[in-house]
Structure formats: C-alpha cells, structure tokens
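Okay, so here's the structure we're looking at.
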Amino acid sequence: MDESFIIYIGFYVLLIFTDLIPDIRKKDKKSLWIFIPVFIATLTMNIMSAAGFSFPSINQPIIQILKNTLHM
Amino acid sequence: MRCILAMFWSGSLVLLGNYRNMGPDSWIAFLLAAVFFLPLLWIHTRLIQIYPEKNLFEMIYETFGKILGAVCSLFFIFFAIHLSSLVTRVFGEFIQALSMPETPQTLTIALILLIAYWSVTNGPENVGRTSKFLWNIIWLSVAATFFIGIKDMNFENLKPVMETDLTTLVGGGFSICMLSLGESILCLSFFSAVPKKESPKKIYLIALIGFLIVGLIAILRNVLILGPTVTSLYYFPSYAAVSVLTVGDFFSRIEVLIGIDLMIAGLVKISVCVYTASLGLTKVLHAPNQKTMVAPCIMLIIALAIPAFKNTIDIFDFFPYFTVYSTVFEVFLPFVLWITAEIKSRLKSAPARPEPAES
Chain X
48 MDESFIIYIG FYVLLIFTDL IPDIRKKDKK SLWIFIPVFI ATLTMNIMSA AGFSFPSINQ
108 PIIQILKNTL HM
Chain U
14 MRCILAMFWS GSLVLLGNYR NMGPDSWIAF LLAAVFFLPL LWIHTRLIQI YPEKNLFEMI
74 YETFGKILGA VCSLFFIFFA IHLSSLVTRV FGEFIQALSM PETPQTLTIA LILLIAYWSV
134 TNGPENVGRT SKFLWNIIWL SVAATFFIGI KDMNFENLKP VMETDLTTLV GGGFSICMLS
194 LGESILCLSF FSAVPKKESP KKIYLIALIG FLIVGLIAIL RNVLILGPTV TSLYYFPSYA
254 AVSVLTVGDF FSRIEVLIGI DLMIAGLVKI SVCVYTASLG LTKVLHAPNQ KTMVAPCIML
314 IIALAIPAFK NTIDIFDFFP YFTVYSTVFE VFLPFVLWIT AEIKSRLKSA PARPEPAES
C-alpha cells in the first residue's frame, strides 16, 4: 500500500462530506440506495488496486468482442 | 452552447495529434473528419428540432417509451461513463508522462474528477459559462503558439501533398470523426436549456468552424515545426512542437501553455460526460435530483479509469477498437433514434382522415 491508498481515502472522505452526509440529513432514501452500494463497491475496488490487486480493464471485453466478431 | 461543443471536441485534441501513417496529409484527414460529421450533425440538429427544449434522455423516452427508453438510456449512460474514464486516464497519463513523472497518477485523476464533480454539481449553466471563458484561452494560445512558431516552421514539411493513399486518409478521417466530433451526441443533454427560437444548426456549425480552425492550426503547427516523420514519433506532438519555441532569449518552455489548454479542454469534456451520465441515471432510476447522481458517476469513473490502460502505448493501441465500438453509440443509436422520432413526429402531424359521409 502506498500513497494511492491515502489519495483514495481522502477522495472518498470528501465525497462523504459533500454528498453522503447531506443526503442522510435530507433523508433522501432513493439517493442513498444508489450512493451507498456504489460507494462500497468502488472504494473496495480502489483500495484493492492500491494494495496491488490488478483488476481487468473494461476495454478488454470490448477488444475481445471486436476481435471475435469483426476479426480485427 | 457553441463553446461547450467546441471545448468538448477540443478535449480529444491531445489524442488527435498522433497521425502515424498520414505524414504531411494529416490536415486533410482532419478536414475529411468534418465532412464525415456533417450527416451526424444533421441528425443531432434534426432531433433538437423535433424535440425542442428537451435533453437527450427526454428525447429517448419520448421516442421509445418507458422500457425501451430505459434500455437505450443505459447504453448512453454507459458510453458517457466509459468515455469519461478513458479521457480521465489519458489526461492522467499525459500529465505524468510529460510534466510530473514523480506525482502519482491516482492523485491527478482524483483531482481532475473532483473539479469535474464541483463543476457539474453547480449546474449545467456553470459548465457553459466556464466553456465560454476557457474557449478564449484555447484559441488565443493556439494562435499565439502558431505565430511564435512561424520562424521555426519549414513549409516544405507539407509536401508532398496527397502522397498518402486514399484508404488511409479516409480511415484517418473516420477515426478523427469518431474520436472527437461524433461524441457530441452526449452534448444533446444540454439542449434542454437552449430556447426553441435558437437555431441548433447555427450553433453546431459555428462551433464546428471554430473547432476546425483551432484544430487545423494546431495540426499544421505540429507538422510544420517538427516535420511529418518526427510528429509521428511522439504520442503528444503538440507538446513536443511547442517545446522548441522560444521568444528571444527570455521566453521559453511555452509547452506548459499547451498542457494547460489540453487539461481545460479535457475537464470540460469530462464535465459534459459526467453531467450526461448523471442526467441519464436520474431519468432511469427516477432519482429526485440530478445533482445527487453526480457522486456515484464520479466514483464509477475513478474505479474504471485506473485499470483502463497499463501505459501510454496501450492507449493508442486501443484507438482502432474504440473507433469501431463508438460507432454504435455515435452513429447507429442516434440514427435509430432519429428515424423513429421522425416517423413518430410525421404520424403525429399527419392530418386526420375525414369521416366518410353517410349516403
């Protein structure tokens, strides 16, 4: 783990203060239903990548589909 | 709106300088891209005329209904998020490779996205006003670097003209169209703020002419200063071309100006994509407010941006695939949307058949 971990934590803490807390105060359940799962999933992904875990790029399936269908 | 379009297209200028196989004819491919864009421009403006004062997702829902509209909207939301993650990563790579190699890319990407988040949560008017101000910086700095570079230019670098074969030129023009101009389908989300009396064709054409002039000056500057062979060696030739410029003995290292230009254009492009994605999510998920959807979009973008590419070579290797993949979102879906909208509007405006008279 290196400076990326600190950067991600700082980034997400900022989003908590600017978005999550106001949504909780407003009791905006619909927004919270979307925010919290995305928050947890992306924070987990980013922390794992900061720890050295390599996630596949979303471009890879696109390249594979194009190679298989259009023989690019 | 004109400035939003011009800035959005300029967001791809950092990538457009690399014409590996077009040599001195890269400016011709750029002009060809504008020609290829004209049918798409017609489709975009026709959609705005059929659905005045409506954004992209309202147009989609009015045309396709609830279920199909949601499906089509999800395609555009995915494209907006994917495109902004690619652009974010490219700019992170650009800054690390050329300006700040010691700075972690994660920090650059996080800061870019925080600025985009702040910009979009302040409303689309903020994006428009920012674009209007920043567009002046872009065209002034491109013009300034062109005039400063005249003494370093070799006009022989443009010869021989049309040496590149037509297939390569047409392919290059199509790539440039898909990489920059065609992506403006996402800008339709801003047209709900444009009054009905404004001509969308005029808006698009003025923006296109402005972008063409700036882009052409940038490409010609690069080729004339560096030469076609050297230009093709660099991944970011604009930066390299301007780095050789000096004004007397006291004013050098002007390339930071190009870095700033490309960054602000990229920021506007990312802001437009984030706004479009958040607007789409608001419509599909029936969220109360578009601003509450901005943070989830930003989080998705940062999660996709980091693993998007391994290095700079990967970025440019992905180009041919992106050109084909983006055709679905930039040509096919808008075409289907337009055809269906046109048929629906004609059926709506067709006069009712008179009742047959009783004998």
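Going down the list, the protein sequences come from chains X and U. Per our numbering, residue 48 is the first one in the first sequence, and the count goes up by one each step. Per our numbering, residue 14 is the first one in the second sequence, and the count goes up by one each step. Here a beta-carbon is modelled for each residue, glycine too, at the ideal position from N, C-alpha and C.
- Ranked by how close their Cα comes to the Cα of residue 70/U, the residues 267/U, 154/U and 202/U have 202/U in first place.
- For residue 129/U, no chain X residue has a C-beta closer than 9 Å to its own C-beta; the minimum C-beta separation is roughly 13 Å.
- If you draw a straight line from the Cα of residue 98/U to the Cα of residue 363/U, it is about 44 Å long.
- Listed along the chain, the chain X residues whose CB falls inside 8 Å of the CB of residue 191/U amount to none; the nearest CB is some 13 Å away.
- Of the candidates 249/U, 118/U, 158/U and 174/U, 118/U places its Cα closest to the Cα of residue 322/U.
- A distance below 9 Å separates the beta carbons of residue 81/X and residue 300/U.
- Rounded to whole angstroms, the separation of the alpha carbons of residue 335/U and residue 238/U is 29 Å.
- At a cut-off of 9 Å between beta carbons, residue 322/U contacts chain X.
- Contact of residue 93/X with chain U is assigned, a C-beta pair being separated by under 9 Å.
- Taking residue 255/U as the centre and dropping the five residues before and after it, the same chain places the C-beta of 158, 267, 268 and 271 closer than 6 Å to its C-beta, in chain order.
- Three or more Cβ pairs closer than 8 Å define a contact, and the stretch 91-111 of chain U falls short of that threshold against the stretch 349-360 of chain U.
- The Cβ-Cβ distance between residue 101/U and residue 283/U falls below 9 Å.
- Shown here, residue 207/U sits in coil according to DSSP, grouped into three states, outside any helix or strand.
- Not a single C-beta of chain X is nearer than 9 Å to the C-beta of residue 157/U.
- For residue 260/U, the secondary structure class from DSSP, reduced to helix, strand or coil, is strand.
- In summary, the residues of the stretch 101-116 of chain X whose CB is separated from some CB of chain U by less than 9 Å are 101, 102, 103, 104, 105, 106, 109, 110, 112, 113 and 114, in the order they occur in the chain.
- Residues of the same chain with a CB within less than 8 Å of the CB of residue 36/U, apart from the 5 flanking positions on each side, are 176, 177, 241, 242 and 245 in chain order.
- DSSP, reduced to helix, strand and coil, places residue 14/U outside both helices and strands of the structure shown, so it counts as coil.
- Distances from the alpha-carbon of residue 103/X to those of 258/U, 50/U and 316/U put 316/U closest.
- With a threshold of 16 other beta carbon atoms within 10 Å, residue 66/X meets it and is buried.
- Taking 9 Å as the cut-off, the Cβ atoms of residue 171/U and residue 233/U count as close.
- If you look at residue 82/U, you'll find it in the alpha helix (DSSP H) that goes 79-111.
- Any Cβ of chain U closer than 9 Å to the Cβ of residue 60/X would place that residue at the interface, and such an atom is absent.
- Rounded to whole angstroms, the Cβ separation of residue 39/U and residue 227/U is 15 Å, and the two are not in contact under 8 Å.
- DSSP places residue 138/U inside the alpha helix (DSSP H), whose first and last residues are 137-161.
- Residue 93/U and residue 186/U have their C-alpha atoms roughly 23 Å apart.
- From the beta-carbon of residue 117/U, the residues of chain X found nearer than 7 Å are 50, 51 and 54.
- Listed along chain U, no residue sits closer than 7 Å to residue 68/X by beta-carbon distance, the nearest being about 11 Å off.
- DSSP places residue 57/U in the helix class (H, G or I) of the three-state scheme.
- Segment contact: the stretch 208-219 of chain U against the stretch 138-152 of chain U, fewer than three CB-CB distances shorter than 8 Å; contact not assigned.
- In this structure, DSSP gives residue 268/U a helical state, which the three-state scheme calls helix.
- Taken through DSSP and simplified to helix, strand or coil, residue 228/U comes out as helix.
- Taking a 10 Å sphere around the C-beta of residue 169/U, we find fewer than 16 other C-beta atoms and assign the residue as exposed.
- In terms of Cβ geometry, residue 86/U and residue 296/U form a close pair [threshold 9 Å].
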